[in-house]
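Peer 1: Heads up: the sequence shown at position 84 corresponds to 88 in my numbering, and the numbers run straight through without jumps.
Every residue gets a Cβ at the ideal spot worked out from N, C-alpha and C, and that includes glycine.
Before anything else, here's the structure in question.
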Amino acid sequence: MSKGKNVKTIILVGLFASIIYLTTAYLFHIPTGMNNGYIHLGDAFIYLAASLLPMPYAMASAAIGAGLADLLTGATAWVLPTIIIKPLLVIWFTSKTDKIVVKRNIGAVFIAAVVGLLGYGLAEGIMYGNFLTPLIKLPISALQPIGCGTLYILVGFAFDRIKLKSQLVKILEER
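So this is what it looks like as structure tokens:
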């Protein structure tokens, strides 16, 4: 990777980390009332980063953005699980196609939902010593990936229509 492309990619990591942080911590933030949890749209931007950036960079933006959201909103106990779980959501997506919404990425939304629900359910069970609560609140917890997956697909289709990904590739290739 050329130095110019590397710098531009790192800038995109920072941009995505910022968007993930803001949409996780503050924008469209809906409290669930269970264990101080909340529904947010940050994961949609993790999925988008995973569809646009090479995997290690998308994983970094996910860990940084979501981790900072927990750290800076007082959910410090959740920082470690978050910086482990959120990068795992990225693994299932591909950034190697000319479009964002492709079969693999649509399937990845469902796999990422399961990984996130299982990961946070396990973390909550370990932290609180009670694995029943995560099971009971599963329907409410499932709203998070459903909403984020829907937003990701809608935004992805809009970006695909304007050929955002090919424009981004051109920008990254410029000197």
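Kindly identify the DSSP beta-bridge partner or partners of Pro35.
Peer 2: Here residue 35 refers to the residue found at position 31 of the sequence shown. For Pro35, which the question treats as bridged, DSSP gives the partners Tyr42.
Peer 1: Three-state secondary structure (DSSP) at Asn134?
Peer 2: If you number the sequence shown from 1, residue 134 lands on position 130. Residue state, collapsed to three classes: coil.
Peer 1: With a threshold of 16 other CB atoms inside 10 Å of the CB of Leu31, please say whether the residue is buried or exposed.
Peer 2: Numbered from 1 along the sequence shown, position 27 holds the residue referred to as residue 31. With fewer than 16 other Cβ atoms within 10 Å, it is exposed.
Peer 1: Do Ala62 and Phe20 come within 9 Å of each other at the CB atom, strictly closer than that value?
Peer 2: By 1-based counting over the sequence shown, the position of residue 20 is 16. By 1-based counting over the sequence shown, the position of residue 62 is 58. Result yes, Cβ atoms of Phe20 and Ala62 sit closer than 9 Å.
Peer 1: Quick one: give me the first and last residue of the alpha helix (DSSP H) that Gly78 is part of.
Peer 2: Position 74 of the sequence shown holds residue 78. Segment: none, Gly78 is in no alpha helix (DSSP H) and carries neither H nor E.
Peer 1: Looking at C-beta atoms only, is the number of pairs between the region 81-100 and the region 62-72 that lie closer than 8 Å three or more?
Peer 2: Yes, the region 81-100 touches the region 62-72.
Peer 1: Keeping to the same chain, check which residues put their C-beta closer than 7 Å to that of Ala64; ignore five residues upstream and five downstream.
Peer 2: Numbered from its first residue, the sequence shown carries residue 64 at position 60. Taken in chain order, the residues that qualify are Val17.
Peer 1: How is the alpha helix (DSSP H) around Phe161 delimited, first residue to last?
Peer 2: Position 157 of the sequence shown, counting from 1, holds the residue named residue 161. Looking at the DSSP string, the run of the alpha helix (DSSP H) that includes Phe161 is 142-165.
Peer 1: Whose CA, out of Leu26, Asn109, Glu128, lies closest to the CA of Trp96?
Peer 2: Here residue 96 refers to the residue found at position 92 when the sequence shown is read from its first residue. Answer by Cα proximity: Asn109.
Peer 1: How big is the Cα-Cα spacing for Gly160 and Val105?
Peer 2: Taking the first residue of the sequence shown as position 1, residue 160 is located at position 156. Taking the first residue of the sequence shown as position 1, residue 105 is located at position 101. Gly160 and Val105: Cα-Cα distance of roughly 6 Å.
Peer 1: Are the CB atoms of Ala67 and Pro91 nearer to each other than 9 Å?
Peer 2: Numbered from its first residue, the sequence shown carries residue 67 at position 63. Numbered from its first residue, the sequence shown carries residue 91 at position 87. Result yes, Cβ atoms of Ala67 and Pro91 sit closer than 9 Å.
Peer 1: Measure how close the beta-carbons of Leu93 and Ile34 come, nearest whole angstrom, since I'm counting them as under 8 Å.
Peer 2: By one-based count along the sequence shown, residue 93 stands at place 89. By one-based count along the sequence shown, residue 34 stands at place 30. No, Leu93 and Ile34 are not in contact; Cβ-Cβ is about 20 Å, not under 8 Å.
Peer 1: Between Lys12, Val11, Asp47, which lies nearest to Val119 when the distance is taken from Cα to Cα?
Peer 2: The count along the sequence shown starts at 1 and reaches residue 119 at position 115. Nearest option by C-alpha distance: Asp47.
Peer 1: Does the beta-carbon of Gln171 have 16 or more other beta-carbons within 10 angstroms, so that it is buried, or is it exposed?
Peer 2: In the sequence shown, the residue the question calls residue 171 occupies position 167. Exposed is the call here.
Peer 1: Count the other C-beta atoms from every protein chain shown that fall within 10 angstroms of the C-beta of Glu177, then say buried if there are 16 or more, exposed otherwise.
Peer 2: Residue 177 sits at position 173 when you count from the first residue of the sequence shown. Label assigned to Glu177: exposed.
Peer 1: Would you mind reading off the limits of the alpha helix (DSSP H) that contains Val105?
Peer 2: On the sequence shown, residue 105 is found 101 positions in, with the first residue counted as 1. Element bounds for Val105: n/a, residue is neither H nor E.
Peer 1: Buried or exposed, going by whether 16 or more other CB atoms sit within 10 Å of the CB of Leu158?
Peer 2: The sequence position of residue 158 within the sequence shown is 154, counting from 1. Exposed, by the Cβ-count rule.
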